[in-house]
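Enquirer: Read left to right, the sequence shown gives residues 1 to 294 (the UniProt record's numbering).
Cβ atoms here follow ideal geometry from the backbone N, Cα and C, with glycine treated the same way.
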Amino acid sequence: MKKKSSYRAERTNKAWLYLLPALFFILVFNVYPLIRTFYMSVHNNNIMNPTYVGFQNFPIVLNDKLFRLAMKNTLIYSVTVVPLSIIISMFIALILNEKIKGDKFFETIFFIPYLTSVIAVGIVFRYLFNGKYGFINHMLSFVGIGPIDFLNNPDYNMLAAIIFGVWNALAFNIIVILSGLRGIDESYYKIADTFGASGWEQFKKITLPQLTSIITFLFLTSFISAFKVYNQIFALFNGKAGVGNRLITAVFYIYRKFYVEYRYGQAMAAAVLLFLFLLVLTFAQRKIIKMISR
1 MKKKSSYRAE RTNKAWLYLL PALFFILVFN VYPLIRTFYM SVHNNNIMNP TYVGFQNFPI
61 VLNDKLFRLA MKNTLIYSVT VVPLSIIISM FIALILNEKI KGDKFFETIF FIPYLTSVIA
121 VGIVFRYLFN GKYGFINHML SFVGIGPIDF LNNPDYNMLA AIIFGVWNAL AFNIIVILSG
181 LRGIDESYYK IADTFGASGW EQFKKITLPQ LTSIITFLFL TSFISAFKVY NQIFALFNGK
241 AGVGNRLITA VFYIYRKFYV EYRYGQAMAA AVLLFLFLLV LTFAQRKIIK MISR
């Protein structure tokens, strides 16, 4: 009796032929730059005639006060923006999922920021945060607060960046969570209603467990994006890392080392350290989320 062979797409030459264009671009624009980054990190700062120096660049970067400040700022930004944006997105998605009047209109409104240039939005936020005529200070004046110079006072630079970062992350998060909510079988809620479960109990026992994979995905991707924050800071502070580089982030530090100071080896060493940190953080997040979801 002949043994049945299971079909596997990766065993067929035609499948690899279709994948070839995508694999080519992944190799050229993802894999090669990563290998090149590791290569440059163990060479000196002479890009035309690189000399192997081993791991000498790494202690220099780790002992740099500016790098430590950049990692501290990036960590504060990430652990603040990511949870806040997901919680607010969950709240908005739950409202939109209730079949309210004009829900399609509101979905479109919330999704528009995802399609808008970060630089363009950053210019708008610069006007909103303006210490003299900004709309945010105008609203704060009604409750007796301010005026606050978010952009020129270093004590408020991080707050401005966090507000902008949360707003910028909402669009994508809302759409993803909303798609997850609409994929939950409504019969679960009908049975819960029959047994008299409250709205909070239904959310805790049905909604959250059903959204575990989506929330895990959002946390992983959002933290990676937050640790690579650059465009938001650049747009909000007109190409600067806040007042006196007080808001410098990891990517801003790499940019500064590479394009301003021309210390290519040190810049790539910082990039490798950021990559390793994100790798460890991603594995740690997955473990923590699995433990919580049990």
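Is the CB-CB distance between Val176 and Val81 below 9 Å?
Expert: No, these two residues do not count as a Cβ contact at 9 Å.
Enquirer: Tell me which same chain residues have a C-beta within less than 8 Å of the C-beta of Thr249, skipping the five on either side of it?
Expert: Closer than 8 Å at the Cβ level, and outside the excluded window around Thr249, lie Ala70, Asn73, Thr74, Tyr77, Val229, Tyr230, Ile233, Ala241.
Enquirer: Closest to Gly180 by CA distance: which of Arg256, Gly54, Ile206 is it?
Expert: Minimum Cα distance to Gly180 is reached at Ile206.
Enquirer: Would you report the Cα separation of Ile35 and Ala271, rounded to the nearest angstrom?
Expert: Each residue's Cα considered, the two are about 12 Å apart.
Enquirer: On a CA-only basis, which of Tyr253, Glu261, Arg286 is nearest Leu62? Give me that one, please.
Expert: Answer by Cα proximity: Tyr253.
Enquirer: Straight-line CA distance for Arg286 to Phe219?
Expert: Cα-Cα distance, rounded: 9 Å.
Enquirer: Going by C-alpha to C-alpha distance, which of Pro21, Pro33, Met90, Ile60 sits closest to Thr212?
Expert: The residue with the shortest Cα to Cα distance from Thr212 is Met90.
Enquirer: Using C-beta distances below 7 Å, list every residue in its chain close to Asn173, excluding the 5 sequence neighbours before and after it, in chain order.
Expert: If we look at Asn173 and ignore the five residues flanking it on each side, its Cβ neighbours are Ser85, Ile86, Ser89, Leu218.
Enquirer: Can you grab the Cα-Cα spacing for the pair Ile26 / Phe258, in whole Å?
Expert: Looking at the two C-alpha atoms, the distance is approximately 24 Å.
Enquirer: For Lys72, report the span of its alpha helix (DSSP H) as first-last.
Expert: Unbroken alpha helix (DSSP H) run through Lys72: 65-96.
Enquirer: Just to confirm before moving on: does the CB-CB distance between Leu236 and Ala171 stay below 9 Å?
Expert: In this structure, Ala171 does not lie closer than 9 Å to Leu236 by Cβ.
Enquirer: Checking the sheet assignment: what are the DSSP bridge partners for Tyr52?
Expert: Its beta-bridge partners are His43.
Enquirer: At 4 residues or longer, what runs of the alpha helix (DSSP H) sit wholly inside the stretch 150-185?
Expert: List check, alpha helix (DSSP H) in window: 157-181.
Enquirer: Using C-beta distances below 7 Å, list every residue in its chain close to Met1, excluding the 5 sequence neighbours before and after it, in chain order.
Expert: With a pLDDT of 45 at Met1, under the threshold of 50, the predicted position of this residue should be treated as unreliable, and no value is reported.
Enquirer: What do you reckon, are the CB atoms on Phe135 and Phe150 nearer than 9 Å?
Expert: Against a cut-off of 9 Å, the Cβ pair of Phe150 and Phe135 comes out as no contact.
Enquirer: Can you tell me the Cα-Cα spacing of Ala267 and Ser41, whole angstroms?
Expert: Taking the straight line from one Cα to the other gives about 7 Å.
Enquirer: In three-state terms, what does DSSP make of Glu201?
Expert: The answer is helix: DSSP assigns Glu201 an H, G or I state.
Enquirer: At which residues does the alpha helix (DSSP H) containing Leu236 begin and terminate?
Expert: Leu236 -> alpha helix (DSSP H) spans 231-236.
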